[in-house]
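Going down the list, the sequences are from chains A and B. For the record, in the first sequence the residue sitting at position 241 is 241 according to this note's numbering, with numbers rising by one throughout. For the record, in the second sequence the residue sitting at position 12 is 1012 according to this note's numbering, with numbers rising by one throughout.
2 protein chains.
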Amino acid sequence: MALIVQKFGGTSIGTAERIESVADRIALFRDRGDDIVVVVSAMSGETNRLVALAQSIDENPNEREYDVLLATGEQVTIALLSMALNKRGIAARSYTGSQVHILTDSAHNKARILDIEEKNLRTDLDKGRVIVVAGFQGVDESGNITTLGRGGSDTTAVALAAALKADECQIYTDVDGVYTTDPRVVPEAQRLDKITFEEMLEMASLGSKVLQIRAVEFAGKYNVPLRVLSSFDEPNFKDDEPNGTLITFEKDEKESEMEQALISGIAFNRDEAKLTILGVPDEPGVAYKILGPIGDNNIEIDMIIQNIGADGTTDFTFTVHRNDLSVAKEILTNTANELGAREVIGDDKIVKISIVGVGMRSHAGIASQMFKALADEGININMISTSEIKISVVVDEKYLELGVRTLHSAFGLEQSS
Amino acid sequence: MALIVQKFGGTSIGTAERIESVADRIALFRDRGDDIVVVVSAMSGETNRLVALAQSIDENPNEREYDVLLATGEQVTIALLSMALNKRGIAARSYTGSQVHILTDSAHNKARILDIEEKNLRTDLDKGRVIVVAGFQGVDESGNITTLGRGGSDTTAVALAAALKADECQIYTDVDGVYTTDPRVVPEAQRLDKITFEEMLEMASLGSKVLQIRAVEFAGKYNVPLRVLSSFDEPNFKDDEPNGTLITFEKDEKESEMEQALISGIAFNRDEAKLTILGVPDEPGVAYKILGPIGDNNIEIDMIIQNIGADGTTDFTFTVHRNDLSVAKEILTNTANELGAREVIGDDKIVKISIVGVGMRSHAGIASQMFKALADEGININMISTSEIKISVVVDEKYLELGVRTLHSAFGLEQSS
Chain A
1 MALIVQKFGG
11 TSIGTAERIE
21 SVADRIALFR
31 DRGDDIVVVV
41 SAMSGETNRL
51 VALAQSIDEN
61 PNEREYDVLL
71 ATGEQVTIAL
81 LSMALNKRGI
91 AARSYTGSQV
101 HILTDSAHNK
111 ARILDIEEKN
121 LRTDLDKGRV
131 IVVAGFQGVD
141 ESGNITTLGR
151 GGSDTTAVAL
161 AAALKADECQ
171 IYTDVDGVYT
181 TDPRVVPEAQ
191 RLDKITFEEM
201 LEMASLGSKV
211 LQIRAVEFAG
221 KYNVPLRVLS
231 SFDEPNFKDD
241 EPNGTLITFE
251 KDEKESEMEQ
261 ALISGIAFNR
271 DEAKLTILGV
281 PDEPGVAYKI
291 LGPIGDNNIE
301 IDMIIQNIGA
311 DGTTDFTFTV
321 HRNDLSVAKE
331 ILTNTANELG
341 AREVIGDDKI
351 VKISIVGVGM
361 RSHAGIASQM
371 FKALADEGIN
381 INMISTSEIK
391 ISVVVDEKYL
401 ELGVRTLHSA
411 FGLEQSS
Chain B
1001 MALIVQKFGG
1011 TSIGTAERIE
1021 SVADRIALFR
1031 DRGDDIVVVV
1041 SAMSGETNRL
1051 VALAQSIDEN
1061 PNEREYDVLL
1071 ATGEQVTIAL
1081 LSMALNKRGI
1091 AARSYTGSQV
1101 HILTDSAHNK
1111 ARILDIEEKN
1121 LRTDLDKGRV
1131 IVVAGFQGVD
1141 ESGNITTLGR
1151 GGSDTTAVAL
1161 AAALKADECQ
1171 IYTDVDGVYT
1181 TDPRVVPEAQ
1191 RLDKITFEEM
1201 LEMASLGSKV
1211 LQIRAVEFAG
1221 KYNVPLRVLS
1231 SFDEPNFKDD
1241 EPNGTLITFE
1251 KDEKESEMEQ
1261 ALISGIAFNR
1271 DEAKLTILGV
1281 PDEPGVAYKI
1291 LGPIGDNNIE
1301 IDMIIQNIGA
1311 DGTTDFTFTV
1321 HRNDLSVAKE
1331 ILTNTANELG
1341 AREVIGDDKI
1351 VKISIVGVGM
1361 RSHAGIASQM
1371 FKALADEGIN
1381 INMISTSEIK
1391 ISVVVDEKYL
1401 ELGVRTLHSA
1411 FGLEQSS
């Protein structure tokens, strides 16, 4: 008997048949006596259909109305899944983001969750009802419908699990866990039974795409045990052979001593683009002057590098999502004119490859081992950035597969897990 | 300068192109300085798509969840139309039934509007915004999404017009007004410039399908001037040649003296079915015992006839919507067993034909003129019911076209209007 939040993505509920199968799965958990809160995405293809409808009216549709439109996708799914559960004699109630009162800020298309009213949910759970919540959406203080951006359903699930202090938040996808890297790039990639929050955070932010980064942050912040697993596998209720990958706060002490892998995985991201502003007069506050206007436009910045030039000027390079490149470049060009900078260059033919692992905290020489492996294959490195548990490099996109395979093998991940 | 509520049905906003064209029409009214509140249905085909989705999960889907599902149809349209208006530089905001707070009772799938919060709408109108409201849907006291039943968008429009004391409520359809009868059945049918509320009420309830009956009732109750017109015709802002048919409280005195038609139109309804319970022991309260359980199941009853038999028993016949026949028959069979009645008979091969006109109030002999015309064509009458301004007969459905044509001609409607 536990309180479990289960999230099913678009492919897991893409057809009436799949919805029935999700309902069957929930029935198994109910039989065991678990309380279940379900979060669902739009049926696969539905969001694309709605986006195409919007585009047929306006290429840059009004942001408020765009959210009103997209929010219908999950609303369809919650209704259908609740029907399927009620048909099985399982009392179930659907709630839109607005109904369950997932309060967000007003940043349409990429809103952030501020609060969730837990009271009504408790009442339903106490009555033995399965609660089916529309992921990806919320409501702002003025009652406007908001959406959390693509992949936001994961965040909804984790936020609900945090609000309800759930025993586990299960994210069902079409893969059976987190791998040492993408198996489509490296067939020898291994499934990890466990991964730390910090590692997962780095893996997700670097594009491993199993989980949305904000969901992982949220889970870490509120101590929500998070499990990634496949909606196509049979549920396994045996404690010794759990499904999927559990994301934990820290690897067990024992395990970390006995057979700690230095590196847990190789992540990569094809969705970034690089912007460089050259010859900026170097003065205090220049970084803010350059990056402020980008952030004001709700464009997220990933890597940042600043070099000081010889002539009292500085060069500044940063990466953004590829979709944001043209807008960001326009903003940066304006800034360049204001600051009297020399030139702005945009490049979207890049990828970022990263090695991630809590093990690197206590081991020196990981970075040089990484750079040597890449150099041995003739891969030139454009940018480098490091954190306590990851090292990322930006390279020409043609080196993606070679780079990932090289690092996967260099750090011995074929026999990991 | 006026405050106008405009309602566009599914075919009027069935494609991106049609939505653009509706936006163009609204722009013309805005140019004239009118304040506009728009009510839209789901795009044509969308509701059917959603119903099919529900059916693929459960033939008798949970009613609460069915409303959650169907309500997405209008939500898509309000977003798209608001995008189209904003693209034209016309400030517009969409609202779901829940957001505009169209408070209804909790009778899912056929809820009734109890109240509309007018305050937020006023604020938007004062800011010069066009308000785009999802028709057909509301929210109950507990925050559950409700729908008003098919055609409910008309009711939404009239209720909004009443709440805002609008100057006119315009119902745009694919026909250019109310006709003396269905032109597909009688090609000589004429468009009426005006029709009284009472006549329209009878026409609508009898199946002329241009307007939903509850919308007409609402308009009558709150004195809302209602106009039916085509979304395919150019708007005509000349006072002497208005578009469509205006539904008024009473025909002008002058007009009513000079060239009053006895009968305004011939309505018919193919959607009814007849139920008969034979040999019911006649005792006080028997009508309630028979019809009470039907009403308790939210099934609407139209015509009712009771005959007293010779042997202390009574026969009881009434009509319901064809979709309700099987449920109503089941309920009636239970009642028959309880009351010790002899037999229950259901018949869905019937139609109702009615003549409607305020003129019949002051003229005798209309009924016999009607019955003679039908008898001359050999049409047998099953049931008769009369009100102050209409006479309805139930006949075998094979006589529908012949009956309507006969009556249209017998009352001289080819030269009406």
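Backbone N, C-alpha and C fix where the C-beta goes; we use that ideal spot for every residue, glycine too.
*Grouping DSSP H, G and I as helix and E and B as strand, with all else coil, what is S256(A)?*
Numbered from its first residue, the first sequence carries residue 256(A) at position 256. Interpretation of S256(A) is limited by its pLDDT of 48, a score under 50 that renders its predicted location unreliable; no figure is taken from the coordinates.
*Under 9 Å Cβ-Cβ, which residues of chain B neighbour V76(A)?*
Working through the first sequence from its first residue, we reach residue 76(A) at position 76. Ordered by position in chain B, the residues that pass the 9 Å Cβ test against V76(A) are L1050, L1053, V1068, L1069, T1072.
*Within 10 angstroms of its Cβ, does Q55(A) collect 16 or more other Cβ (buried), or is it exposed?*
For the purposes of this step, residue 55(A) is taken as residue 55 along the first sequence, with counting starting at 1. The residue in question, Q55(A), is exposed, as its Cβ has fewer than 16 Cβ neighbours within 10 Å.
*At 7 Å on the CB atoms, spell out the chain B contacts of Q99(A), in chain order.*
Counting from one through the first sequence, the residue named residue 99(A) turns up at place 99. The answer, in chain order, is G1143.
*Cross-chain neighbours of D1126(B) in chain A, by beta carbon under 7 Å*: Residue mapping note: residue 1126(B) aligns to position 126 of the second sequence, counting from 1. Ordered by position in chain A, no residue passes the 7 Å Cβ test against D1126(B), which lies about 16 Å from the chain.
*In the region 103–173 of chain A, which residue ranges form an unbroken beta strand (DSSP E) of at least 3 residues, counting only runs that do not cross its ends?*
113–116, 130–134, 137–139, 145–147, 168–173
*Going along the chain, which residues of its own chain have a beta-carbon closer than 6 Å to the beta-carbon of A163(A), five neighbours each way excluded?*
Position 163 of the first sequence, counted from the start, is the residue given in the question as residue 163(A). For A163(A), where only same-chain residues beyond five positions count, the Cβ hits under 6 Å are I116, E118.
*asked:* Please report the straight-line C-alpha distance between D182(A) and Q212(A), rounded to a whole angstrom.
replied: The sequence position of residue 182(A) within the first sequence is 182, counting from 1. The sequence position of residue 212(A) within the first sequence is 212, counting from 1. The C-alpha of Q212(A) is placed about 16 Å away from the C-alpha of D182(A).
*Based on Cα-Cα distance, which residue from A1002(B), T1015(B), F1316(B), I1019(B) lies nearest to F1029(B)?*
Taking the second sequence and counting its residues from 1, the one referred to as residue 1029(B) is at position 29. Check the Cα spacing between F1029(B) and each of A1002(B), T1015(B), F1316(B), I1019(B): the tightest is with A1002(B).
*Do A341(A) and I294(A) have their C-beta atoms closer together than 8 Å?*
As a first step, residue 341(A) is located in the first sequence; it is residue number 341 there, counting from the start. As a first step, residue 294(A) is located in the first sequence; it is residue number 294 there, counting from the start. In this structure, I294(A) does not lie closer than 8 Å to A341(A) by Cβ.
*Under 8 Å by Cβ, that's how I've got I263(A) and L413(A) pegged, so tell me the actual separation to the nearest angstrom.*
Translated into positions along the first sequence, residue 263(A) becomes position 263. Translated into positions along the first sequence, residue 413(A) becomes position 413. That pair is a contact at about 7 Å.
*Every unbroken alpha helix (DSSP H) inside the region 1205–1246 of chain B [4 residues or more]*: Note on the region 1205–1246 of chain B: whole alpha helix (DSSP H) runs with a minimum of 4 residues are 1213–1221, in chain order.
*Cα-Cα, which of G244(A), I308(A), D311(A), I384(A) is closest to T173(A)?*
Sequence index remark: in the first sequence, residue 173(A) carries index 173 (1-based). Here the closest residue by C-alpha is G244(A).
*Within 8 Å (strictly less), CB to CB, does E46(A) reach chain B?*
The sequence position of residue 46(A) within the first sequence is 46, counting from 1. So, not an interface residue.
*Would you say K390(A) reaches chain B, if we count a Cβ-Cβ gap shorter than 8 Å as a contact?*
Taking the first residue of the first sequence as position 1, residue 390(A) is located at position 390. Taking Cβ atoms only, chain B never reaches closer than 8 Å to K390(A), which makes this a no.
*In chain order, what residues of the same chain lie with their CB nearer than 8 Å to the CB of R227(A), ignoring the 5 residues before and after it?*
By one-based count along the first sequence, residue 227(A) stands at place 227. E168, C169, Q170, I171, P242, N243, G244, T245, L246, I247, listed in sequence order.
_Can you give me the C-alpha to C-alpha distance between Q1006(B) and G45(A), rounded to a whole angstrom?_
As a first step, residue 1006(B) is located in the second sequence; it is residue number 6 there, counting from the start. As a first step, residue 45(A) is located in the first sequence; it is residue number 45 there, counting from the start. Their backbone Cα atoms lie some 33 Å apart in a straight line.
*Counting only runs of 4+ residues fully inside the region 302–387 of chain A, write out the alpha helix (DSSP H) ranges in chain order.*
If you keep only unbroken alpha helix (DSSP H) runs of at least 4 residues inside the region 302–387 of chain A, you get 325–339, 366–376.
*Do we get a CB-CB distance below 8 Å when we pair S368(A) with the residues of chain B?*
Your numbering for residue 368(A) matches position 368 in the first sequence. S368(A) does not count as touching chain B.
*Taking C-beta pairs closer than 8 Å, name the residues in chain B that A163(A) reaches, listed in chain order.*
Locating residue 163(A) in the first sequence gives position 163, counting from the first residue. By Cβ distance, chain B contributes nothing, its closest Cβ being about 18 Å from A163(A), past 8 Å.
*Flag this pair as touching only if the region 377–397 of chain A and the region 1014–1026 of chain B have three or more C-beta atom pairs under 8 Å; answer yes or no.*
no
*For the alpha helix (DSSP H) that contains G1292(B), what are its first and last residues?*
Residue 1292(B) sits at position 292 when you count from the first residue of the second sequence. Element bounds for G1292(B): 1286–1296.
*Taking only the alpha-carbon atoms, compute the straight-line gap between G378(A) and R322(A) and give it to the nearest angstrom.*
For this step, residue 378(A) is matched to residue 378 along the first sequence. For this step, residue 322(A) is matched to residue 322 along the first sequence. Cα to Cα, the separation comes out at about 26 Å.
_For I1113(B), tell me which candidate among R1093(B), E1217(B), E1063(B) has the shortest Cα-Cα distance._
For this step, residue 1113(B) is matched to residue 113 along the second sequence. Across the set R1093(B), E1217(B), E1063(B), the C-alpha of E1217(B) shows the shortest separation from the C-alpha of I1113(B).
*Going by beta carbon distance, what residues of the same chain come within less than 8 Å of G33(A), once the five residues before and after it are set aside?*
One-based indexing of the first sequence puts residue 33(A) at position 33. Closer than 8 Å at Cβ, skipping near neighbours: M1.
_8 Å Cβ cut-off: residues of chain A touching D1058(B)_ = Mapped onto the second sequence, residue 1058(B) falls at position 58. Chain A residues near D1058(B): M83, A84, N86, K87.
*What's the C-alpha gap between L229(A) and G14(A)?*
Position 229 of the first sequence, counted from the start, is the residue given in the question as residue 229(A). Position 14 of the first sequence, counted from the start, is the residue given in the question as residue 14(A). Computed Cα separation, rounded: 17 Å.
*Express the C-alpha separation of V186(A) and S362(A) in angstroms, rounding to a whole number.*
Sequence index remark: in the first sequence, residue 362(A) carries index 362 (1-based). Sequence index remark: in the first sequence, residue 186(A) carries index 186 (1-based). In a straight line, the C-alpha of S362(A) is about 27 Å away from that of V186(A).
*Kindly confirm or deny that the region 1142–1156 of chain B and the region 1034–1043 of chain B touch, where touching means at least three C-beta pairs closer than 8 Å.*
yes
*Between the region 323–335 of chain A and the region 367–376 of chain A, are three or more C-beta pairs nearer than 8 Å?*
In the pairwise beta carbon analysis, the region 323–335 of chain A is classified as not touching the region 367–376 of chain A: fewer than three pairs are separated by under 8 Å.
*asked:* Would L1116(B) pass as an interface residue toward chain A - the criterion being a Cβ-Cβ separation below 8 Å?
replied: On the second sequence, position 116 is the one that residue 1116(B) refers to. Note on residue identity: the sequence assigns Ile, not Leu, to residue 1116(B). By this cut-off, I1116(B) is not an interface position.
*Mind checking which residues open and close the beta strand (DSSP E) that includes E1414(B)?*
Working through the second sequence from its first residue, we reach residue 1414(B) at position 414. Annotation for E1414(B): no beta strand (DSSP E) segment contains it, and DSSP assigns it neither H nor E.
*asked:* Less than 6 Å between C-beta atoms, sequence neighbours within five positions excluded: which residues of the same chain meet that for D347(A)?
replied: Walking along the first sequence from the start, residue 347(A) turns up at place 347. Within the same chain, D347(A) has close Cβ partners K274.
*Does the region 54–68 of chain A come close enough to the region 132–151 of chain A to have 3 or more Cβ pairs within less than 8 Å?*
Taking 8 Å as the limit for Cβ pairs, the verdict is that the region 132–151 of chain A does touch the region 54–68 of chain A.
*asked:* For chain B, check one thing: does any of its Cβ atoms lie closer than 8 Å to the Cβ of A111(A)?
replied: As a working mapping, residue 111(A) is identified with position 111 in the first sequence. No, A111(A) lies away from the interface with chain B (no Cβ there is under 8 Å from its Cβ).
*Taking just the CA atoms, how far does N1109(B) sit from M203(A)?*
Locating residue 203(A) in the first sequence gives position 203, where the first residue counts as 1. Locating residue 1109(B) in the second sequence gives position 109, where the first residue counts as 1. Distance between the alpha carbons of M203(A) and N1109(B) is about 47 Å.
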